[in-house]
Structures are given as C-alpha cells and as structure tokens.
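Enquirer: All letters in the sequence shown, in the order written, are residues -11 to 336 by my numbering. Each residue gets a CB set at the ideal place from its N, CA and C atoms; glycine is no exception.
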Amino acid sequence: MTKPTALVTGGAGFIGSHCCLDLLMNGYEVVVVDNLVNSSAIALDRVRQISGQDMAFYASDVADQAAMDTVFRNHKIDVVVHFAAYKAVGDSMDRPLEYYSNNLTGLLTLLAAMSKADVKHMIFSSSCSIYGDATELPITEASPARPTNPYAQSKWMSEQILTDLCSRYPDWSVTALRYFNPAGAHESGEIGEDPCGVPGNVLPYLSQVAAGRLDEVQVFGSDYPTADGTAVRDYIHVMDVVEGHRLTLETGAVPGFRRYNLGTGVGTSVLELVEKFAAVSGRPIPYRLSGRRPGDVPELVAAPDLAHAELGWTARRNLTDMCQDAWRFQQLHPLGYEGLITTLGSSR
Ligand SMILES: NC(=O)c1ccc[n+]([C@@H]2O[C@H](COP(=O)([O-])OP(=O)(O)OC[C@H]3O[C@@H](n4cnc5c(N)ncnc54)[C@H](O)[C@@H]3O)[C@@H](O)[C@H]2O)c1
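1. By Cβ distance, which residues of its chain are closer than 8 Å to residue 30, with the 5 residues on each side in sequence left out?
2. Can you tell which of -4, 5, -9 has the C-alpha that lies nearest to the C-alpha of residue 227?
3. So, using beta-carbon positions, are residue 255 and residue 280 closer together than 8 Å?
4. So does residue 50 have its beta carbon nearer than 7 Å to some heavy atom of ligand 1?
5. Given that a residue counts as buried once 16 or more other Cβ atoms are within 10 Å of its Cβ, and exposed if not, what is residue 289?
6. Is residue 346 helix, strand or coil by DSSP?
7. From which residue to which residue does the alpha helix (DSSP H) around residue 259 run?
8. Is the beta carbon of residue 170 within less than 7 Å of some heavy atom of ligand 1?
9. Provide the residue span of the alpha helix (DSSP H) that contains residue 212, from first to last.
10. Exposed or buried, residue 124, counting other C-beta atoms within 10 Å across all chains shown (16 or more means buried)?
11. Is residue 73 near ligand 1, in the sense that its beta carbon is under 7 Å from a heavy atom of that ligand?
12. Report the residue from 139, 270, 245, 173 whose alpha carbon sits nearest the alpha carbon of residue 283.
13. Quick one: using the 10 Å Cβ neighbour count with 16 as the cut-off for buried, is residue 146 buried or exposed?
14. Run the proximity test for residue 0: is its beta-carbon closer than 7 Å to any non-hydrogen atom belonging to ligand 1?
15. Whole alpha helix (DSSP H) runs in the stretch -2 to 31 with 4 or more residues, listed along the chain?
16. Of all Cβ atoms in chain D, is any one closer than 8 Å to the Cβ of residue 218?
17. State the DSSP-derived secondary structure class of residue 283, mapped to helix, strand or coil.
18. Based on the DSSP output, what are the partners of residue -4 in its beta bridges?
19. So what does DSSP say about residue 329, is it helix, strand or coil?
20. Quick one: is residue 14 buried, meaning 16 or more other Cβ sit within 10 Å of its Cβ, or exposed?
21. When you compare only the Cα positions, how much space is there between residue 76 and residue 186?
22. Assuming contact is defined by CB atoms lying nearer than 8 Å, are residue 46 and residue 129 in contact in what I supplied?
23. Compare the C-alpha of residue 213 against each of 54, 117, 121, 180 and name the closest.
24. Within the continuous alpha helix (DSSP H) that includes residue 230, where are the two ends?
25. Over the uninterrupted alpha helix (DSSP H) stretch that includes residue 90, give me the two end residues.
26. Please classify residue 86 as buried or exposed, where buried requires at least 16 other C-beta atoms within 10 Å of its C-beta.
27. Reducing DSSP to helix, strand and coil, say where residue 38 ends up.
28. Measure from the alpha carbon of residue 316 to the alpha carbon of each residue in 27, 179, 109, 115, then state which is nearest.
29. Please identify the residue among 41, 36, 68, 23 whose C-alpha is closest to the C-alpha of residue 50.
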C-alpha cells in the first residue's frame, strides 16, 4: 500500500519539525518546504536520524509560485500541513506589513498551487491569539475573534480566506487548529525550539537564562488582573500539538472548514512558569518585571472539549514534562542547532 504524502510547510521550524517526525513514525511520506527564515536544516537531519527515514526538502519560500508549482509537480501530495508563517506578537507590532505579506501571500500562493494540482486537503496552523482579550474563560471555538495585533489579525484573516474557499468549493477540506502556547521538545532532546536570534517565546528564553546564555527573563506586565499580576497562558506540549494534527488527518478529508482549540485547559502565569522551570532545571532564573508588551492580553486558556469530542484528542503531557523536555534539549545542545557555526560568528 502506498503511504499518504503530507507536504509540511515550515517543516524545519519548532512545531513543524516535531510534526514531520510524528508523521514519519506513523506511516506518512513527508515533503518539506521551508525558507529557513527562522529555522535550521539541521532540525530536518535530526528528524531523519531519529526516525531512520528520509524526506524531501525544498529550501523555498511558500510565496514563490513557481517553486510551489514545482513541488506539486514533483510529488503526489495528499494533504498540506501549513505551518510556514511569521509568529511573534511583539515583532508583528513593529513589522505589520511584513507579517501580513508573509502570512497572507504565503497562504494565497500555496492555495493557488494546491488548486492547480487538485489538492484540496489542508491543516492550517491557527492561534489562540485570534481571541484577543477574551471576556469569558475558558475560551471555546465559538468565542468571538478579537485580534489585538497584526500577527493575530493575519491568522484570523487566513481563517476567513479558508472559510470562504470552503463555502465556495465544498469539496475542499480545511481544518484550522488553534494552538494555545506550544512548549517543550521531543523526549529525545534532539529536536526542540531554537528560533533565530533572541527567543520570542518564553520557554526557550527561560532555558537560555537557566543555561547562563542570557542574564535574566524580562516579564512583560505585572499589573494584569490575574492572581499574581503576570499574564496567564495555556502551555501545551509540542508533541501533544502534533498528535492533534495526526488525529485530524485520521478523521479524513471531511468536507468544509473546521476549527479546533488545541490547549490543556490549564492556565499558568509567567511567574509560576519561571518557578517551575527553576525547580526542574535546578538553576536559579533571575527575572525582572517590566511594563506590558503592546498587543499582549492578560489571559488565554482553552476549552479543549471540541477536539476531544470530534478528533478523540486530549493533551497527555503536563507542565513538568514540557519544562523537563525543553531543558533536556537545552542541555544536549547548549548553543542550539547551529551552535558551532554561530560561535564562529556566522549568521543564519
Ligand atoms: N509557537 C507558538 O507559540 C505558536 C502558537 C500558535 C500558532 N503558531 C503557529 O504555528 C506555526 C508554526 O510555529 P512555530 O512555533 O513552529 O514557528 P517557527 O518559526 O519555528 O516555524 C515556522 C517555520 O516557517 C518557516 N517560514 C516562515 N515563513 C516562510 C515562508 N514564507 N516560506 C517558507 N518557510 C517559511 C520558518 O523558517 C520556520 O521554519 C506558525 O504558523 C505559527 O504562527 C505557533
């Protein structure tokens, strides 16, 4: 029997690399497109090593129509898992046009290539940030979207595009998975979260402070209406996130547009996370309270019931697992994927 083939855009990135590994280990062929703007091809080598399997890789931009057409000509793709995007809330406030351009042009170009190749099945990486400053917690899929920054807005606009596509062409099947705060690493410690430059997400930041690479954690906002005044998020293990993708694939190409929250339903404040990471790593984590970051909201916690009911998915790992796995990746690879090259002064 031929294996189903998944095109994974952004497959060298944090969640994408874990998804490639999970798909390869579960009977899929994988083709990756990633322009490496926020990742390293070494992550893909590690995925090949852990899985003992190969995958095709195109170092291309998803907004490059000719390159995307070539990918679809070279491979018989059954489904597209679309991770490729810029993803940092704060950065998007500084560079709104780059965010809209990359995230929306990338999606539209990819959809055009899919359409030409008659591929009509996609899983789209959406985000809890689309809910913005939610008035009711926990957040269900029916909660209103109120994006508060260009990144979140680009994800919400993407969902609108995909909804319109599916209502015009009912044979398309698109599922938007709205991740809460993915964290942690594969249990091997061989792949993890290693963004280019200073980490925008809190867990790799904490890892680097614990390891002495960064001096302290800056905690943005200590006057939010939460128990300790710092922002509360629903951290979810990256392996649980990628299992959510696989279970979505196993439900088949259900016609139309669907959306599911992927979260644990448990909220953790930044200070609770700092304390947990210090305990797990056995290292002190100095932190400094500073002002709120524009575009941020006080609290985002998922109601994950719909994904449980319809996909059979539940987060199986907890905050301790996330911290332990992230710390293992940090310890095994203190300078990240390209540590040696970075030390020698090269940029990526
Ligand atoms: N990590 C989170 O906190 C989080 C939360 C919710 C949603 N998401 C979404 O999940 C997806 C993956 O996030 P991640 O944390 O793995 O981020 P990441 O930056 O590690 O991965 C994104 C990958 O896409 C690539 N990429 C970006 N633009 C591209 C383009 N135009 N062409 C080709 N490749 C491109 C990057 O090089 C990177 O490898 C993103 O769409 C992000 O918005 C992430």
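Expert: This is what the structure gives:
1. So the list reads 325, 326, once near-sequence residues are dropped.
2. It is 5 whose Cα lies nearest to the Cα of residue 227.
3. No, they are not a contact pair.
4. Yes, the beta carbon of residue 50 sits closer than 7 Å to at least one heavy atom of ligand 1.
5. With 16 or more neighbouring CB atoms inside 10 Å of its own CB, residue 289 falls in the buried class.
6. Coverage of the chain is limited to positions -11 through 336, which leaves residue 346 absent and any answer about it impossible.
7. Unbroken alpha helix (DSSP H) run through residue 259: 258 to 269.
8. At least one heavy atom of ligand 1 is nearer than 7 Å to the Cβ of residue 170, so yes.
9. Careful: residue 212 lies outside any alpha helix (DSSP H) and carries neither H nor E.
10. Exposed, because fewer than 16 other Cβ atoms sit within 10 Å of the Cβ of residue 124.
11. Yes.
12. Minimum Cα distance to residue 283 is reached at 139.
13. By the C-beta density criterion, residue 146 is buried, having at least 16 other C-beta atoms within 10 angstroms.
14. Yes.
15. Complete alpha helix (DSSP H) runs here, min 4: 2 to 13.
16. Looking for chain D here will not work: only one protein chain is present.
17. Correct three-state label for residue 283: coil.
18. Residue -4 pairs with 20, 69.
19. Annotation note: pLDDT 44 at residue 329 (below 50); position unreliable, coordinate value reported separately. In this structure, residue 329 counts as helix in the three-state DSSP scheme.
20. Exposed.
21. Those two C-alpha atoms are separated by around 11 Å.
22. 8 Å or more divides the Cβ of residue 46 from the Cβ of residue 129.
23. When each option's Cα is compared against that of residue 213, the closest is 121.
24. 226 to 238 is the span of the alpha helix (DSSP H), which, as asked, contains residue 230.
25. No alpha helix (DSSP H) contains residue 90, which DSSP labels as neither H nor E.
26. In the assembly as shown, residue 86 is an exposed residue. Its beta-carbon has fewer than 16 other beta-carbons within 10 Å.
27. DSSP places residue 38 in helix when its eight states are reduced to three.
28. When 27, 179, 109, 115 are compared, the shortest CA-CA separation from residue 316 is found for 179.
29. When only C-alpha atoms are compared, the closest one is 23.
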